[in-house]
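Enquirer: Residue numbers for the sequence shown follow the working numbering, beginning at 1 and rising by one.
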Amino acid sequence: MTSTSLPPRVGVVMGSRSDWETMEHASSVLAELGVAHEVQVVSAHRTPDLLFQYADEAVGRGIQVIIAGAGGAAHLPGMLAAKTRLPVFGVPVQSKALNGMDSLLSIAQMPAGIPVGTLAIGRAGAVNAGILAASVLALHDPAIAAALDAYRHRQTKAVLDNPDPRS
Ligand code: RP5
Numbered sequence: 001m002t003s004t005s006l007p008p009r010v011g012v013v014m015g016s017r018s019d020w021e022t023m024e025h026a027s028s029v030l031a032e033l034g035v036a037h038e039v040q041v042v043s044a045h046r047t048p049d050l051l052f053q054y055a056d057e058a059v060g061r062g063i064q065v066i067i068a069g070a071g072g073a074a075h076l077p078g079m080l081a082a083k084t085r086l087p088v089f090g091v092p093v094q095s096k097a098l099n100g101m102d103s104l105l106s107i108a109q110m111p112a113g114i115p116v117g118t119l120a121i122g123r124a125g126a127v128n129a130g131i132l133a134a135s136v137l138a139l140h141d142p143a144i145a146a147a148l149d150a151y152r153h154r155q156t157k158a159v160l161d162n163p164d165p166r167s
């Protein structure tokens, strides 16, 4: 599923439909920043052939950054990174059994040579993965750079305009 009629430049993938509650925050911030992206469930364990196909085809389809969210034995980001040279940002989904520590450690502890940029567990990680992906594209895209500057300005202003935490 693509976000606009423009060809997607960021692929947002996740291990299960149950991850969408977290990963929709990555999609939302990308949309807010005007970044064309696609979202898709790709499971490292349930659809391994699809994972390989996705990674193999991503560069040729114009994808420039992949955001991958998974929980538990979260092998999706690492296996995508193993199969493509594109930057992969991993979002550890908060698991029920271990609160996302399993997801975090299995995404972060990659062997040297196959990096995954690992974000925080849950919503904050998903939002920041979206912002990081936009930051990468902004290096060569003035419109996304301007949208990022405006986003950061709004965020700062919202804090400065409301300094009293009781109101
Ligand atoms: C992982 O297993 C997914 O990324 C998800 O976070 C977790 C649980 O998946 P479901 O059983 O909810 O489909 O592969």
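Don't be surprised by glycine CBs; every beta carbon is placed ideally from N, CA and C.
These figures come from a predicted structure and were not determined experimentally.
For ligand 1, is there a heavy atom less than 7 Å away from the beta-carbon of M23?
Expert: Numbered from 1 along the sequence shown, position 23 holds the residue referred to as residue 23. The answer is no for M23.
Enquirer: Verify the contact flag: S106, CB atom, against every heavy atom of ligand 1, threshold strictly below 7 Å.
Expert: Stepping through the sequence shown from its first residue, residue 106 is reached at position 106. Result no, Cβ not under 7 Å from ligand 1.
Enquirer: Could you pull out every unbroken beta strand (DSSP E) segment of at least 3 residues lying fully inside the region 81-124, listed in chain order?
Expert: The region 81-124 contains these whole beta strand (DSSP E) runs: 88-93.
Enquirer: For a test of your reading of the model: does the CB of G78 fall under 7 Å from any non-hydrogen atom of ligand 1? Yes or no.
Expert: For the purposes of this step, residue 78 is taken as the residue at position 78 of the sequence shown. False, no ligand heavy atom lies under 7 Å from that Cβ.
Enquirer: In this structure, does DSSP put A68 in helix, strand or coil?
Expert: As a position in the sequence shown, residue 68 is number 68, starting the count at 1. In the structure shown, A68 sits in a strand (DSSP, three-state: E or B).
Enquirer: Say yes only if the C-beta of D19 is nearer than 7 Å to one or more non-hydrogen atoms of ligand 1, and no if none qualify.
Expert: In the sequence shown, the residue the question calls residue 19 occupies position 19. Indeed, a heavy atom of ligand 1 lies less than 7 Å from the Cβ.
Enquirer: Quick test of your reading: I63 and A133, contact by CB under 8 Å. State the CB separation rounded to the nearest angstrom.
Expert: Here the question's residue 63 lines up with position 63 in the sequence shown. Here the question's residue 133 lines up with position 133 in the sequence shown. In fact, because the Cβ distance is near 10 Å, the residues do not count as touching under 8 Å.
Enquirer: With DSSP collapsed to three states, give me the class of H75.
Expert: As a working mapping, residue 75 is identified with position 75 in the sequence shown. Note: H75 maps to coil in three-state DSSP.
Enquirer: Where do the ends of the alpha helix (DSSP H) carrying M14 lie?
Expert: Position 14 of the sequence shown, counted from the start, is the residue given in the question as residue 14. From DSSP, M14 is part of no alpha helix (DSSP H) but of the beta strand (DSSP E) over 10-14.
Enquirer: Mark R17 as exposed unless 16 or more other C-beta atoms lie within 10 angstroms of its C-beta, in which case mark it buried.
Expert: In the sequence shown, the residue the question calls residue 17 occupies position 17. With fewer than 16 Cβ atoms within 10 Å of its Cβ, R17 is classed as exposed.
Enquirer: Looking at the secondary structure, which residues open and close the beta strand (DSSP E) in which H25 lies?
Expert: Taking the first residue of the sequence shown as 1, we reach residue 25 at position 25. Careful: H25 lies outside any beta strand (DSSP E), inside the alpha helix (DSSP H) at 20-32.
Enquirer: Give a yes or no on contact between the region 23-42 and the region 122-139, applying the rule of three or more CB pairs nearer than 8 Å.
Expert: Verdict: yes, contact present.
Enquirer: Is there at least one non-hydrogen atom of ligand 1 closer than 7 Å to the beta-carbon of A74?
Expert: Residue 74 sits at position 74 when you count from the first residue of the sequence shown. Yes - ligand 1 has a heavy atom lying nearer than 7 Å to the Cβ of A74.
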